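Below is one structure, written out as structure tokens; the observations come after it.
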Amino acid sequence: MPEKEKQEENSGHPLEDAPEHVQLAVDLIMLFESNNINTDTAIKALEIVQSDLINKQKKAQP
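In this text, residue positions in the sequence shown follow full-length UniProt numbering: the first is 1, and each later residue adds one.
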């Protein structure tokens, strides 16, 4: 199948084939925007989430 046809085939749902972390990022952005979350507040919240996940990851490693 030519490349152009592949692009047209996937253009209806571009996130469907995106990596899971990209899909999650888009979902989070949409959540923040749909709830009118201030950018600084969102960043601070994401920093807390990142720190928590890193700590959990470190504890899970042998």
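Don't be surprised by glycine CBs; every beta carbon is placed ideally from N, CA and C. Computed from a prediction, not measured in an experiment: that's the story for all the values here.
For Ile-62, which residues from the same chain have a beta carbon less than 8 Å from its beta carbon, with the 5 sequence-adjacent residues on both sides left out?
It is worth fixing the name first, because residue 62 is Pro in this sequence and not Ile. Contacts found: none.
Using the Cα positions of Glu-20 and Thr-41, report the straight-line distance between them to the nearest angstrom.
The alpha-carbon atoms of Glu-20 and Thr-41 are separated by roughly 24 Å.
Would you kindly work out how many angstroms separate the C-alpha atoms of Pro-14 and Lys-59, rounded to a whole number?
Whole-angstrom Cα-Cα distance: 36 Å.
Can you name the start and end residues of the alpha helix (DSSP H) that Ile-43 belongs to?
Where Ile-43 is concerned, the enclosing alpha helix (DSSP H) stretches over 39-60.
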